[in-house]
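Quick mapping for you: the protein sequence lines, in order, are chains F, V, G and A.
In this text, residue positions in the first sequence follow our numbering: the first is 5, and each later residue adds one.
In this text, residue positions in the second sequence follow our numbering: the first is 4, and each later residue adds one.
In this text, residue positions in the third sequence follow our numbering: the first is 50, and each later residue adds one.
In this text, residue positions in the fourth sequence follow our numbering: the first is 188, and each later residue adds one.
The block underneath contains the structure these notes are about, expressed in C-alpha cells.
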Amino acid sequence: MPEFLYAAAALVLLLTGLGLMRMLWGPSPADRLMAAQLLGTGGGAIALLIAIASGTMAIIDIALTLALLAAFAAVALTLGEPGTKTRAGEGEQ
Amino acid sequence: MSVVLDAFTVITVTAGLVFFLAGTVGLLRFPDALTRLHALTKADNLGLGLIVLGLLPQCPDITSALKLIAIWVLVQFAGASASQLIAQFVRRNEPGP
Amino acid sequence: MGGGAMAVQTRSGAIGAIASAAGLRRFVFYFGFWFILIGVSPINLIVGLPTAAVAVWVSLRLLPPGDRSLSYGALAGLLLRLPWQSLVAGIDIARRAFDPRMPLRTGFVVFPSRLPPGSARDAFCALMSLQPGTLPVGAGEKDDILFHCLDTAQPVAAQLAAEEARFLRILGQEPRNA
Amino acid sequence: MSLLVDLVLVALILMAAVWTVLVRDRRDAVIAFIVLGLLLSLVWMRLYAVDVALTEAAVGGGATGLVLLRACARLLPVEAEGRLPGPGTQIAAGLLSAIAAAGLAAVVLSPPVPYPSLAALAAENIHQVGLGNPVTAVLLAYRSLDTLLEKVVLVLAVIGVWALTPDAFWGGAPGSLKSKHASGALDLLARVLPPFGIVVGIYLVWNGADHPGGTFQGGTVLAAMWLLMMMADLADPPEIRLKRLRRLVVFGPAVFIAAGFAGIFMSGWFLSYPPDYAKPIIVAVEAALALSIAVILGLLVAGPAAEPPKR
C-alpha cells in the first residue's frame, strides 16, 4: 500500500506541476494565482498521502497549515491592486 | 477485510487523481479566467476530498481520520472564499459583460 | 492573539459571554477541534481549556450570535449534501474538460436574492461557489447577486432559488413563495 | 519512484525560481515566489524535515505573499512619480545579489569532509532536556543564545520599520490594510477562520515541544489571522505609541532573558536550565515568544505609522 500512495503523491505533484504552465502563460495575475492555488491544494493532498504512506503523522500538520492559509494568496492579490489604500489620508472610511 | 479496505483506498485515491487531472486540464484548456476558476475550485477540491476519503481506512486512529476530514472542510471553505475573491478581482480588472 | 488594540476593554464581559448558551455551544465545538488536532491526554486537556476559551471569545466578537435560532436539522441536511454536491460539481467539470469539443455555454445570471446583505448572504454565496456550474462573482443592483455559469442552458435561476429556500430554512425562515 | 518525485520537484523549483527572477511584472514575480515557497515546503517534507516544512508552509504560504504584495502596492505611487532607482543602484543591487549567490553556492558545493556534525552528541543528551522534538531541543536548549538573539533581531526589525515613520505621524497607526474593494467573501473568511487559526496556532506551539511545530510556525499562523481581520476591516492596525503593544513586542524576548538569568542562579550559567525544570521553562519561553512573534509579524506587515496619533 505505501508504494501505491507514494506513486499517487508523485502523480499529484506531476499534475499540479503541469498546472504551473498557467503561471507562465497568464495572461492576468489572477490566472497565475490560480496555478499557485492549484499547487496549494495539490500540496495538501501530497502531504496527506506521504503522511499515511510513511506513517509520519506530523506531516498531516503541513496539510493543515496549507489548508488554513490556502486563501491568503487570493486575499493578498487585492492588496497589490492599483488604488488599494495604503497611504496616509486615503485610509479613512 | 483489509483487502477490501485496501481496494477501496486504491479506487478512491485513483478517482481523486482523475479529478486533479481534470482540474489541470480545465485550468489549461478553458478559454477565460472565470471559467478556469470553476475548474480550479470544483475539480481539485473533489480530488482532495476523494484522496481524504481513500486515506480514512488507512488512518492509524480515529483522531487522525477526523483531522483529515477537518482539513478537507477547511480547504472547501478556503477554496470557496478564494474563488470568489479571484472572480471579483477578474471582474474589476477585465472589462467583461 | 495579537489584537492588542481591540482587546482588553471588554475583558470583564468576556467570561459572561463565554458562559452564554451560544458561547458554551461554541466552546464545545472548538474544544472538540483541539482534540481532533492533538489527541486526548490529561495535559492536553488543561491547555485546551484556555485555548478554546480564547477561540470562543474571538468567535463571539467576529460572529455575534443572532437572535434567530438556527434549525440544526436543516443545517445537518445541508452539510450532508455538501460532499454529494462536490462530487456532482467535480464530475461536471471533468466532463467538460475532457470532452474534445469542450461543451461550454458560459454566461452571467442575475439572481435576485431574498437574503439580507451580511454574513448569511456571504455564507450562501460561499456554498453556491461549491455548487455545480455556478460561481458568485459579485453584487449587482440592489439585492441581486451576479453568478457566472458554465452552462446558461440549464435552469440556473430556478436551481439557485431552490438552494436559497433550503438555506432560508436553516435560518428558521419558511420560504414564502418559493 | 521516489527519484521521479525528486526530479519533478527539482524541475518545478528551477522553473519557479528562474521565472521569479526573469518575469518583468513585480506582481507576477511575487506570485511565482509564493509558488516557489509552496514547492520548497514540499522539498522539506520530502527530506522529512517536518519542522522546516511547516515553517515554509506558514511563512511562504501566508506571510510572504502579504508582505511582498503590500510592498508592490506601496511602490505603485513611487513608480507613477518616476522615482525609480537609477542604473547605478540597479547594477549595485545585481552585483550584491550575485556575490551572495556565489558565496552560498561555494559553501554548498564544497563542504568540508567529513561533514562536521553535532547531531549524534545532541541526540545522545536529549533526555536531559525532556523534550520529544529534537529541533526544539536544539533551538531552545543547545543553541538557545542564537535563538534568543534571533528574537531580539525581530524586535530590532520592528524598530527599524517604525523608524521609517515621518515625524508628523510618530506614534500614530500604520496605514489601513483594508482592501478598497469591499467583499462579502473576504468578510466571511475573516469572521469564520480566526478562531480556527487561533486553535491551530496554539496547537503548533504546544505540540512543538514533543513533535514538529514550534513558536515560529504557531506565531506566524496567529499573525496571519490578525492580518486577515485587519484586511477585512474587522480590526484596526494599532497605534504604535501604545504601551500595551510595545510590551507585547518585547514580552517574549524579555521572558527568554529572564529565564536565562534564572539559569545563572539555578545551575550556574546564563541560559542553562536545571534538568528537572527544563521542559516547563522551555514551554513557558516558547508560549511567550509565540505571542511576541505574532504581534511582531503583524506589525512588520502593517508597516510604519501613516497617520497622526488620534486626539
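Each residue gets a CB set at the ideal place from its N, CA and C atoms; glycine is no exception.
Using the Cα positions of residue i and residue j, report the straight-line distance between them to the nearest angstrom.
{"i": "Ala324(A)", "j": "Asp238(A)", "result": "12 Å"}
{"i": "Met55(G)", "j": "Gly82(V)", "result": "With a pLDDT of only 40 at Met55(G), under 50, the local geometry of the prediction cannot be trusted, and no value is derived from it."}
{"i": "Arg150(G)", "j": "Arg26(F)", "result": "21 Å"}
{"i": "Gln58(G)", "j": "Asp420(A)", "result": "Unreliable placement is indicated for Gln58(G), whose pLDDT of 43 sits below 50; the coordinate value is still reported in the next sentence. C-alpha separation (whole angstroms): 19 Å."}
{"i": "Gly269(A)", "j": "Leu83(F)", "result": "21 Å"}
{"i": "Gly400(A)", "j": "Pro6(F)", "result": "25 Å"}
{"i": "Phe157(G)", "j": "Trp349(A)", "result": "47 Å"}
{"i": "Pro301(A)", "j": "Gly319(A)", "result": "28 Å"}
{"i": "Leu176(G)", "j": "Leu375(A)", "result": "12 Å"}
{"i": "Ile218(A)", "j": "Ala250(A)", "result": "13 Å"}
{"i": "Cys198(G)", "j": "Thr183(G)", "result": "5 Å"}
{"i": "Ala92(F)", "j": "Lys365(A)", "result": "For Ala92(F), the predicted model reports a pLDDT of 35, less than 50, meaning its position is unreliable; a value from the coordinates is still stated below. The alpha-carbon atoms of Ala92(F) and Lys365(A) are separated by roughly 13 Å."}
{"i": "Pro132(G)", "j": "Leu53(V)", "result": "10 Å"}
{"i": "Leu71(V)", "j": "Gln134(G)", "result": "19 Å"}
{"i": "Ala13(F)", "j": "Arg163(G)", "result": "44 Å"}
{"i": "Ala90(V)", "j": "Leu194(A)", "result": "34 Å"}
{"i": "Ala258(A)", "j": "Val265(A)", "result": "11 Å"}
{"i": "Phe80(G)", "j": "Arg39(V)", "result": "38 Å"}
{"i": "Ala206(G)", "j": "Thr276(A)", "result": "58 Å"}
{"i": "Ala267(A)", "j": "Arg213(A)", "result": "14 Å"}
{"i": "Thr88(F)", "j": "Ala77(F)", "result": "Its pLDDT being 40, under 50, Thr88(F) is placed unreliably by the model, and nothing is read from it."}
Mind pulling the chain V residues with CB within less than 7 Å of residue i?
{"i": "Ile142(G)", "result": "Ala25, Gly29, His41, Ala42, Lys45, Ala46"}
{"i": "Gly88(G)", "result": "Thr66"}
{"i": "Leu15(F)", "result": "Leu20"}
Determine the chain V residues that contact residue i at a beta-carbon separation under 9 Å, and present them in chain order.
{"i": "Ser32(F)", "result": "Ala36, Phe92, Val93, Asn96, Glu97"}
{"i": "His368(A)", "result": "Gln91, Phe92, Arg95"}
{"i": "Met5(F)", "result": "Asp9, Thr12, Val13, Gln61"}
Compare the Cα-Cα distances from residue i to each of the options and report the closest residue.
{"i": "Arg431(A)", "options": "Ala344(A), Arg211(A), Leu373(A), Val482(A)", "result": "Val482(A)"}
{"i": "Thr207(A)", "options": "Val195(A), Ala198(A), Val197(A), Val222(A)", "result": "Val222(A)"}
{"i": "Leu68(F)", "options": "Leu52(F), Ala14(F), Ala13(F), Leu22(F)", "result": "Leu52(F)"}
{"i": "Gln404(A)", "options": "Gly455(A), Ala260(A), Ala245(A), Phe383(A)", "result": "Ala245(A)"}
{"i": "Thr17(V)", "options": "Phe80(V), Thr27(V), Leu58(V)", "result": "Leu58(V)"}
{"i": "Arg433(A)", "options": "Ala204(A), Glu266(A), Phe383(A), Leu486(A)", "result": "Leu486(A)"}
{"i": "Ala25(V)", "options": "Gly139(G), Pro185(G), Ala188(G)", "result": "Gly139(G)"}
{"i": "Thr402(A)", "options": "Glu266(A), Leu476(A), Pro440(A)", "result": "Leu476(A)"}
{"i": "Leu478(A)", "options": "Ser304(A), Val437(A), Trp456(A), Pro462(A)", "result": "Val437(A)"}
{"i": "Ala410(A)", "options": "Asn394(A), Leu484(A), Leu373(A), Pro496(A)", "result": "Leu484(A)"}
{"i": "Thr407(A)", "options": "Leu391(A), Ala287(A), Leu291(A)", "result": "Leu391(A)"}
{"i": "Trp106(G)", "options": "Leu86(G), Ala143(G), Arg74(G)", "result": "Arg74(G)"}
{"i": "Lys497(A)", "options": "Trp357(A), Gln277(A), Met412(A)", "result": "Trp357(A)"}
{"i": "Gly134(A)", "options": "Ala62(F), Ala75(F), Phe76(F), Leu72(F)", "result": "Missing from the structure shown is residue 134(A); chain A here goes from 188 to 498 and no further."}
{"i": "Arg145(G)", "options": "Gln79(V), Phe80(V), Asn96(V), Phe33(V)", "result": "Phe33(V)"}
{"i": "Leu22(F)", "options": "Leu30(V), Val21(V), Trp75(V)", "result": "Leu30(V)"}
{"i": "Val7(V)", "options": "Phe23(V), His41(V), Gln61(V)", "result": "Gln61(V)"}
{"i": "Leu153(G)", "options": "Asp35(V), Thr27(V), Gly19(V), Ser5(V)", "result": "Asp35(V)"}
{"i": "Leu20(V)", "options": "Leu28(F), Leu73(F), Phe8(F), Gly59(F)", "result": "Phe8(F)"}
Note down, in chain order, every chain G residue with its Cβ under 7 Å from the Cβ of residue i.
{"i": "Ala83(V)", "result": "Ala175, Ser178, Leu179"}
{"i": "Ile389(A)", "result": "Thr100"}
{"i": "Trp393(A)", "result": "Val96"}
Which residues of chain A have a Cβ atom closer than 7 Å to the Cβ of residue i, listed in chain order?
{"i": "Ala104(G)", "result": "Pro382, Ile385, Val386"}
{"i": "Leu18(F)", "result": "Val195"}
Along chain G, in chain order, which residues have C-beta atoms closer than 8 Å to that of residue i?
{"i": "Val21(V)", "result": "Ala143"}
How would you list, in chain order, the residues of chain F whose beta-carbon sits under 8 Å from the beta-carbon of residue i?
{"i": "Leu88(V)", "result": "Ala75, Ala78, Val79, Leu81, Thr82"}
{"i": "Val16(V)", "result": "Phe8, Leu9, Ala12, Leu53"}
So which residues on chain A does residue i lean against when the C-beta distance must stay under 9 Å?
{"i": "Ser168(G)", "result": "Gly371, Asp374, Leu375, Arg378, Val379"}
List the residues of chain V that residue i touches, going by C-beta distances under 8 Å, in chain order.
{"i": "Leu22(F)", "result": "Thr27, Leu31"}
Residues within the region 171 to 191 of chain G neighbouring chain A, beta-carbon criterion of under 9 Å | Those would be Asp171, Ala172, Cys174, Ala175, Ser178, Pro185, Gly187, Ala188, in chain order.
Is there contact between the region 423 to 436 of chain A and the region 360 to 367 of chain A, where contact requires at least three CB pairs shorter than 8 Å?
-> Flag = yes, the region 423 to 436 of chain A and the region 360 to 367 of chain A touch.
Are the region 45 to 56 of chain V and the region 24 to 38 of chain F in contact at 8 Å, needing three or more beta carbon pairs?
-> No contact exists between the region 45 to 56 of chain V and the region 24 to 38 of chain F.
Residues in the region 52 to 77 of chain V with C-beta within 7 Å of chain G's C-beta atoms, listed in sequence order?
-> Near chain G, meaning a CB-to-CB distance below 7 Å, the residues of the region 52 to 77 of chain V are Gly52, Thr66, Leu69, Lys70, Ala73.
Residues within the region 30 to 54 of chain F neighbouring chain A, beta-carbon criterion of under 8 Å = Cβ contacts with chain A: Gly30, Pro33, Arg36, Leu37, Ala39, Ala40, Leu43, Gly44, Gly47, Ile50, Ala51, Ile54.
Going along the region 294 to 320 of chain A in order, which residues come within less than 8 Å of chain F, judged by CB to CB distance?
-> Under the 8 Å Cβ criterion, the region 294 to 320 of chain A contributes no residue.
If we count Cβ pairs, one from each stretch, closer than 8 Å, do we get three or more for the region 6 to 16 of chain V versus the region 121 to 140 of chain G?
-> Taking 8 Å as the limit for Cβ pairs, the verdict is that the region 121 to 140 of chain G does not touch the region 6 to 16 of chain V.
What are the residues of the region 230 to 243 of chain A that lie near chain F, defined by any Cβ-Cβ distance shorter than 7 Å?
-> Hits within the stretch, in order: Met232, Tyr235, Val237, Ala240, Leu241.
Does the region 204 to 222 of chain G come close enough to the region 97 to 111 of chain G that 3 or more CB-CB pairs lie under 8 Å?
-> By the Cβ rule, the region 97 to 111 of chain G does not count as touching the region 204 to 222 of chain G, because fewer than three pairs are nearer than 8 Å.
With 7 Å as the limit, tell me which residues of the region 55 to 75 of chain F have their beta carbon closer than that to any beta carbon of chain V; keep them in chain order.
-> Listed by position, the residues of the region 55 to 75 of chain F near chain V (Cβ gap below 7 Å) are Ile56, Met61, Ile64, Ala67, Leu68, Ala71, Leu72, Ala74, Ala75.
With contact counted as at least three CB pairs below 8 Å, one residue from each stretch, are the region 331 to 338 of chain A and the region 447 to 460 of chain A in contact?
-> A contact exists between the region 331 to 338 of chain A and the region 447 to 460 of chain A.
Indicate whether the contact test is met: 3 or more Cβ pairs, each with one atom in the region 37 to 50 of chain F and one in the region 77 to 96 of chain V, closer than 8 Å.
-> A contact exists between the region 37 to 50 of chain F and the region 77 to 96 of chain V.
Between the region 439 to 452 of chain A and the region 466 to 473 of chain A, do at least 3 Cβ pairs fall closer than 8 Å?
-> Of all C-beta pairs linking the region 439 to 452 of chain A to the region 466 to 473 of chain A, three or more are shorter than 8 Å, placing the two stretches in contact.
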